[in-house]
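1 is the number of the first residue of the sequence shown in my numbering; add one for each residue after it.
Where is the CB? At the ideal position from N, CA and C, for every residue including glycine.
Read the structure below first, then the notes.
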Amino acid sequence: MTKTLNVAMIGGGFMGKAHAMAYAAMPMFFWPAPAIPHRKVVVDLTDGAANEARDRFGFDEASSDWQATVNRPDIDIVDICTPNNTHAKIAIEALKAGKHVICEKPLASTLEEAEAMAEAAKSSGSTTMVAFNYRRTPAVALAKKFIDDGRIGDVINFRGTYLQDWSADPDGPLSWRFQKSVAGSGAVGDIGTHVVDLAHYLVGPIETVQAITSTYVKTRPLQQGAVDKLGASQKSSGGERAEVDVDDEVMSMVRFANGAIGSIEATRNAWGRNNYITLEIHGTKGSIHFNYERRDELQVMFADDPAETRGFRTIYTGPAHPYGDGLWPIPALGIGYGETKIIECHDFCRAIFDGTRPSPDFAEALVTERVAEALIRSGKSGGWETAT
Ligand code: SOE
Numbered sequence: 001m002t003k004t005l006n007v008a009m010i011g012g013g014f015m016g017k018a019h020a021m022a023y024a025a026m027p028m029f030f031w032p033a034p035a036i037p038h039r040k041v042v043v044d045l046t047d048g049a050a051n052e053a054r055d056r057f058g059f060d061e062a063s064s065d066w067q068a069t070v071n072r073p074d075i076d077i078v079d080i081c082t083p084n085n086t087h088a089k090i091a092i093e094a095l096k097a098g099k100h101v102i103c104e105k106p107l108a109s110t111l112e113e114a115e116a117m118a119e120a121a122k123s124s125g126s127t128t129m130v131a132f133n134y135r136r137t138p139a140v141a142l143a144k145k146f147i148d149d150g151r152i153g154d155v156i157n158f159r160g161t162y163l164q165d166w167s168a169d170p171d172g173p174l175s176w177r178f179q180k181s182v183a184g185s186g187a188v189g190d191i192g193t194h195v196v197d198l199a200h201y202l203v204g205p206i207e208t209v210q211a212i213t214s215t216y217v218k219t220r221p222l223q224q225g226a227v228d229k230l231g232a233s234q235k236s237s238g239g240e241r242a243e244v245d246v247d248d249e250v251m252s253m254v255r256f257a258n259g260a261i262g263s264i265e266a267t268r269n270a271w272g273r274n275n276y277i278t279l280e281i282h283g284t285k286g287s288i289h290f291n292y293e294r295r296d297e298l299q300v301m302f303a304d305d306p307a308e309t310r311g312f313r314t315i316y317t318g319p320a321h322p323y324g325d326g327l328w329p330i331p332a333l334g335i336g337y338g339e340t341k342i343i344e345c346h347d348f349c350r351a352i353f354d355g356t357r358p359s360p361d362f363a364e365a366l367v368t369e370r371v372a373e374a375l376i377r378s379g380k381s382g383g384w385e386t387a388t
């Protein structure tokens, strides 16, 4: 009989919704499932919010006490979907209690916390994972396969961008995402780390970086209510404004340990760009291009194609490609954010089942944190900074 894993999910907001949906749907996609995740307890700040999350996301129980919950003997997985500055304390307590831990990205709000989390993971016998979901887009996993199979030769260049526009409106609220004490950084930690993770996954570790960071909107209206509304304009609230102390944008040059060079950009202030994650990778024998806003497609160019047909071709991912046996039976039926979270949930449960290390686990995500910290440092110093 397939093993059941009881889940305690801490945080019932936007990410809680995505994870709860993945727990419910994973065995419907991947069958036989490595384990059946059971939505046991959801924790939120107040009893009212927790009860609402329980009813909405299909958990058995609700609680406003994360500490008591992660120590319950009937819990197998602790899933952290809370703001960045709470990750370390919840994860470390859960690891001490012998739980497997999946944590939303970025790993933590400071490098010190991230190091403590990786250390706690190392000295536990538990499985850990950080929810960098975009590497689980089938087209991105197919790009990885082409690179690993040598189809584009040695990678010489990586260009990665993550552009959004939800914070371009200066009247968007000053949520925790704009507060250094909670988020750690702005675009760098929130979305730049996704690109760093993709760069690491596809090309390898980054050694040195040189960055420019900028904060365009210096003050924002204080947020009304606790719910993270991302960019919803508060123009009419007429309320008090407070200082933004994180970056809005980062542009950078990077050097990889294997000699490849590249660039990484991230901003949440690019009007018209919604979830515009692009990757352009050049190798000695071909190129790869991906745009998340067309995420069923991977563009590839192989230099050894005959001259008259040489050029970028578009592959629509489907059953023949990574994760294809679990997803939809016809290419281009559509992969969404939800599917990437379902695959993430599958890979985490499989790693628990097999006793293998999922990627990225806390140790691997710490490498991404080091790059993020080097980007921030370089943004201040103006010079090259090491990420190791
Ligand atoms: C906001 O920028 C955000 O919700 C990120 O925090 C997520 O990681 C990203 O995938 C979608 O946008």
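Given 7 Å as the limit, tell me if His-194 has its C-beta closer than that to any heavy atom belonging to ligand 1.
If you number the sequence shown from 1, residue 194 lands on position 194. Yes, since a heavy atom of ligand 1 falls inside the 7 Å radius drawn around the Cβ of His-194.
Thinking C-alpha only, which one of Ser-378, Glu-364, Ala-24, Gly-225 is nearest Ala-199?
Start at 1 with the first residue of the sequence shown, and residue 199 comes out as number 199. The shortest C-alpha separation from Ala-199 is found at Glu-364.
Who are Thr-208's beta bridge partners in DSSP?
Here residue 208 refers to the residue found at position 208 when the sequence shown is read from its first residue. Note: Thr-208 sits in a beta bridge opposite Arg-255, Thr-386.
Under the DSSP definition of a beta bridge, which residues are partnered with His-289?
One-based indexing of the sequence shown puts residue 289 at position 289. Answer is Glu-280, Gln-299.
Could you tell me which residues DSSP puts in a beta bridge with Asp-325?
Looking up residue 325 in the sequence shown gives position 325. Asp-325 is bridged by DSSP to nothing; it lacks a bridge partner.
Which residue wins for smallest C-alpha separation from Gly-324, given the options Met-15, Ile-206, Ala-141?
To locate residue 324, count along the sequence shown from 1; it is residue 324. The shortest C-alpha to C-alpha distance from Gly-324 to any of Met-15, Ile-206, Ala-141 is the one to Ala-141.
Excluding five sequence neighbours on each side, which residues of the same chain lie with their C-beta closer than 6 Å to the C-beta of Asp-60?
What you label residue 60 is simply residue 60 of the sequence shown in a count that begins at 1. Its chain contains Lys-40 as the residues whose beta carbon lies nearer than 6 Å to that of Asp-60, once the 5 sequence neighbours on both sides are disregarded; these appear in chain order.
Below 8 Å between beta carbons: does that hold for Thr-278 and Asn-291?
Mapped onto the sequence shown, residue 278 falls at position 278. Mapped onto the sequence shown, residue 291 falls at position 291. Taking C-beta atoms as the reference points, Thr-278 and Asn-291 count as a pair closer than 8 Å.
With a floor of 3 residues, list each beta strand (DSSP E) that falls wholly inside the region 96-120, ordered by position along the chain.
With a minimum length of 3 residues, the continuous beta strand (DSSP E) runs that stay inside the region 96-120 are 100-103.
Should Ser-181 go down as buried or exposed, given a rule of 16 or more other Cβ atoms within 10 Å for buried?
For the purposes of this step, residue 181 is identified with residue 181 of the sequence shown, where counting begins at 1. Under this definition Ser-181 is an exposed residue.
Check this for me: beta carbons of Ser-214 and Asp-171, under 8 Å apart or not?
Looking up residue 214 in the sequence shown gives position 214. Looking up residue 171 in the sequence shown gives position 171. No; because the gap between Cβ atoms is not below 8 Å, this pair is not in contact.
Where Tyr-216 falls, given that 16 or more other Cβ within 10 Å makes a residue buried:
As a first step, residue 216 is located in the sequence shown; it is residue number 216 there, counting from the start. With a 10 Å radius around the Cβ and a threshold of 16 neighbouring Cβ atoms, Tyr-216 comes out exposed.
Output the boundary residues of the alpha helix (DSSP H) element that contains Ile-343.
Working through the sequence shown from its first residue, we reach residue 343 at position 343. Per DSSP, Ile-343 belongs to the alpha helix (DSSP H) from 337-354.
To the nearest angstrom, report how far apart Glu-119 and Glu-113 are at their CA atoms.
Along the sequence shown, one-based indexing puts residue 119 at 119. Along the sequence shown, one-based indexing puts residue 113 at 113. In a straight line, the C-alpha of Glu-119 is about 10 Å away from that of Glu-113.
Does DSSP put Thr-69 in a helix, a strand or coil?
Working through the sequence shown from its first residue, we reach residue 69 at position 69. In the three-state scheme derived from DSSP, where H, G and I count as helix and E and B as strand, Thr-69 is classed as helix.
Compare the C-alpha of Asp-247 against each of Lys-380, Asp-74, Glu-385 and name the closest.
The residue labelled residue 247 in the question sits at position 247 within the sequence shown. The shortest C-alpha separation from Asp-247 is found at Lys-380.
On the three-state DSSP scale, how would you describe Phe-158?
Along the sequence shown, read from residue 1 onward, the residue named residue 158 stands at position 158. In the three-state scheme derived from DSSP, where H, G and I count as helix and E and B as strand, Phe-158 is classed as strand.
Let me know if Phe-312 comes out buried or exposed under the rule of 16 or more other beta-carbons within 10 Å of its beta-carbon.
Against the sequence shown, residue 312 aligns to sequence position 312. Exposed.
Looking at ligand 1, does it come within less than 7 Å of Gln-234, judged from the CB to the closest heavy atom?
Here residue 234 refers to the residue found at position 234 when the sequence shown is read from its first residue. Result no, Cβ not under 7 Å from ligand 1.
Please report the straight-line C-alpha distance between Ala-116 and Thr-309, rounded to a whole angstrom.
Locating residue 116 in the sequence shown gives position 116, counting from the first residue. Locating residue 309 in the sequence shown gives position 309, counting from the first residue. Ala-116 and Thr-309 have their C-alpha atoms spaced approximately 53 Å apart.
Excluding the five sequence neighbours on either side, which residues of its own chain have a C-beta within less than 6 Å of the C-beta of Ile-191, listed in chain order?
By one-based count along the sequence shown, residue 191 stands at place 191. Closer than 6 Å at Cβ, skipping near neighbours: Tyr-162, Ala-266.
Within 10 Å of its beta-carbon, does Leu-327 have 16 or more other beta-carbons around it, so buried, or fewer, so exposed?
Translated into the one-based positions of the sequence shown, residue 327 becomes position 327. Counting other Cβ atoms within 10 Å of its Cβ, Leu-327 reaches 16 or more and is therefore classed as buried.
On the premise that Val-101 lies in contact with Ala-471, defined as a C-beta separation below 8 Å, what is that separation, rounded to the nearest angstrom?
With the chain covering only 1 through 388, there is no way to say anything about residue 471.
With a threshold of 8 Å, are at least 3 pairs of Cβ atoms found where one atom belongs to the region 129-140 and the other to the region 333-349?
Inter-segment contact for the region 129-140 and the region 333-349 is present: three or more beta-carbon pairs are separated by less than 8 Å.
Tell me, which residues are paired with Asp-79 by DSSP?
Your numbering for residue 79 matches position 79 in the sequence shown. Asp-79 is bridged to Met-9, Ile-102.
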